[in-house]
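Asks: Questions regarding the structure given below will be posed in turn.
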Amino acid sequence: MRGGWSYPDDDAAAAGPIRSRPDPWSGGPWSTSAVPPGGRAEPDFAGAHARGGSRGWARPEHHQPAASILTSGVLSPQQDASDVDAAQRSARPRRHWWWLASAFALVALVAGAVGGLAGAWLLQPGDAATNTVTVIGSDPAVGERTETSTAGIAGAVLPSVVSISAADGAGSGFVISDDGYVLTNNHVVAAGTDVEGGPIQVELFDGRQLEAEVIGRSPSYDLAVLRVDADDLDPVVLGESASVQVGDPVIAIGSPLGLDSTVTSGIISALDRPVTAGGQSDQSYINALQTDAAINPGNSGGPLVDSAGRVVGVNSAIATLGISPEVGSIGLGFAIPIDQARRTAEQLISNGEAVYPIIGVLLDNAHSGPGAQVAQDNDDQPGVTPGSPADTAGIRSGDVITALDGEPVRTPGALIVMLRAREPGESVTLTVERDGSTREVELTLGSAVG
403 MRGGWSYPDD DAAAAGPIRS RPDPWSGGPW STSAVPPGGR AEPDFAGAHA RGGSRGWARP
463 EHHQPAASIL TSGVLSPQQD ASDVDAAQRS ARPRRHWWWL ASAFALVALV AGAVGGLAGA
523 WLLQPGDAAT NTVTVIGSDP AVGERTETST AGIAGAVLPS VVSISAADGA GSGFVISDDG
583 YVLTNNHVVA AGTDVEGGPI QVELFDGRQL EAEVIGRSPS YDLAVLRVDA DDLDPVVLGE
643 SASVQVGDPV IAIGSPLGLD STVTSGIISA LDRPVTAGGQ SDQSYINALQ TDAAINPGNS
703 GGPLVDSAGR VVGVNSAIAT LGISPEVGSI GLGFAIPIDQ ARRTAEQLIS NGEAVYPIIG
763 VLLDNAHSGP GAQVAQDNDD QPGVTPGSPA DTAGIRSGDV ITALDGEPVR TPGALIVMLR
823 AREPGESVTL TVERDGSTRE VELTLGSAVG
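Its first residue numbered 403, the sequence shown is counted upward by one per residue in my numbering.
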């Protein structure tokens, strides 16, 4: 039938001779009747199914003769239904195969046209020369690294980083000039400077091992400059630690636990961290850059570099939990700002020694309140050194220094670190409390060697 209209309950028609249905095309009701193979329409629908008869469709007012929707005429009493069935069977296949043949031919034509166009495009003169086909999903850039990637930065800086061994200690360093100067921490080479310490060995990136000479050391800043007899070295590029911001990406390079050429990455976690390191005789005070890049024993003296491969700090210390003898990274590493390290290195190369700023007071480490208190005079040493900048500015024993240039001072160590970040001869303003009153005093920083 047209449109494939059918009922799901055709077998129920056997219950009666005629079943009225809604007309799907004209809106009026239609009825069904069975056409047996050799005769006219019969009211027995159950028998029609059993005998394999065909079904026609007729309006209820024209039960005889029945009009088949599969033919174009009306069955006469003399017309054999088998002739109609034969005509129907012969007509259907021809129409069906004609449609399939037409569709197949159309698909073949389209496929041939597309194939021809694709072949012509692939055989263009520009492509014929290379005779290559790009595989879908392939990326020719795979394996490349940009200069600002971690791999690119490491590749540029690693040739300038060295491993250092002195006596029973070891650490890292980096080349700062092409004529053999190497910067590292003082605590890395301190043991090797003793008479019985033995020579200090520097291993270059290319595997050469050279004996190093100590040009100068600064325990106060925990820095030292060495020199090796080589003139074909690749120096690092020094950046500016004053321009570093919290959150900037950084890379630490060195030889932790003797594993040379180790690269770790992180960010700048904080600025101006007051860090005190070393023993009583060689204590150093660092206004440090804090980083979460992994720093471990052996990283000391190695470079901390920014995203452009410029050195912004000298890796020097790590925080520990203090509950285990095993020391390792807990994500709190500290580096000497390169601005300070550059000044100290220049002094060591020029004079063999470095100077640091002082105000000329002895601080009371037992003071628990905010600020730094000037110690009371004793037989060994007065709280304020006579003739010092502090003495000239009128500072006395027992005074509490609460701010330096308007920046709060929290502890005695913090005041020393803040002063060490400045240079001798620089003017500063101190906020001082005495007997419940507060006043500001200005003084010029003095200097000491160390």
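From the three backbone atoms N, C-alpha and C, an ideal C-beta is built for every residue, glycine too.
#1: Beta carbon of Ile653, beta carbon of Ser667: below 8 Å?
#2: Taking only runs of the beta strand (DSSP E) that begin and end inside the stretch 573-642, which ones reach a length of at least 3 residues, in chain order?
#3: In whole angstroms, what separates the C-alpha of Ala719 from that of Gly680?
#4: According to the Cβ coordinates, are Arg798 and Val786 closer than 8 Å?
#5: Counting pairs of Cβ atoms below 8 Å between the stretch 566-580 and the stretch 602-613, do you hit three or more?
#6: Below 8 Å, can you find three or more Cβ-Cβ pairs linking the stretch 633-650 to the stretch 768-783?
#7: What number of angstroms, rounded off, separates the C-alpha of Thr548 from the C-alpha of Gly609?
#8: Is Asn753 helix, strand or coil when you go by DSSP?
#9: How about Gly815 and Pro621: do their beta carbons lie closer than 8 Å?
#10: If I follow the unbroken alpha helix (DSSP H) through Gly554, where does it start and stop?
#11: Taking DSSP as the reference, what is the three-state secondary structure of Glu844?
#12: Would Asp650 and Gly582 be called neighbours here (beta carbons separated by less than 8 Å)?
#13: Identify whether Val811 lies in helix, strand or coil by the three-state DSSP scheme.
#14: Confirm, please, whether the CB-CB distance from Thr804 to Gly773 is below 8 Å.
#15: Which residues does DSSP pair with Arg675 in a beta bridge?
#16: DSSP three-state label for Asn699, please.
#17: Would Val713 pass as a contact of Val638 if the rule is Cβ separation under 8 Å?
#18: In this structure, what does DSSP give as the bridge partners for Glu835?
#19: Is the beta carbon of Gly800 closer than 8 Å to that of Gln778?
#20: What does DSSP give as the partner residue(s) for Val716 in the beta ladder?
#21: May I ask you to report which of helix, strand or coil DSSP gives Gly853?
#22: Using a 10 Å radius around the Cβ and a threshold of 16 neighbouring Cβ atoms, would you call Ser752 buried or exposed?
#23: So, helix, strand or coil for Val851, using DSSP?
#24: Please classify Gly808 as buried or exposed, where buried requires at least 16 other C-beta atoms within 10 Å of its C-beta.
Replies: With the structure as the only source:
#1: Yes, the Cβ-Cβ distance between Ile653 and Ser667 is below 8 Å.
#2: Secondary structure remark: continuous beta strand (DSSP E) runs of at least 3 residues inside the stretch 573-642, in chain order: 583-586, 602-605, 611-620 and 625-629.
#3: One C-alpha to the other measures close to 10 Å.
#4: If you check the CB distance, Arg798 and Val786 come in under 8 Å.
#5: Flag = yes, the stretch 566-580 and the stretch 602-613 touch.
#6: Short answer: they don't touch.
#7: Cα-Cα distance, rounded: 26 Å.
#8: Correct three-state label for Asn753: helix.
#9: Going by C-beta atoms, Gly815 is not nearer than 8 Å to Pro621.
#10: Residues Thr552 to Val559.
#11: Assigned with DSSP and collapsed to three states, Glu844 falls in strand.
#12: One thing to note: Asp650 has its Cβ no nearer than 8 Å to the Cβ of Gly582.
#13: DSSP places Val811 in the coil class of the three-state scheme, outside both helix and strand.
#14: For Gly773 and Thr804, yes; Cβs fall inside 8 Å.
#15: Ala690, per the DSSP bridge assignment.
#16: Looking at the sequence itself, residue 699 is Pro, so the reference to Asn does not match. In the three-state reduction of the DSSP assignment, Pro699 falls in the coil class, being assigned neither a helical nor a strand state.
#17: Against a cut-off of 8 Å, the Cβ pair of Val638 and Val713 comes out as a contact.
#18: DSSP lists Val802 and Thr840 as partners of Glu835.
#19: Cβ distance < 8 Å, so Gln778 and Gly800 count as in contact.
#20: Checking the DSSP bridge columns, you'll see Val716 partnered with Pro705 and Ile738.
#21: This structure cannot speak to residue 853, because the chain is shown only from 403 to 852.
#22: Label assigned to Ser752: exposed.
#23: When secondary structure is reduced to three states using DSSP, Val851 falls in the strand class.
#24: Per the 10 Å Cβ criterion, exposed.
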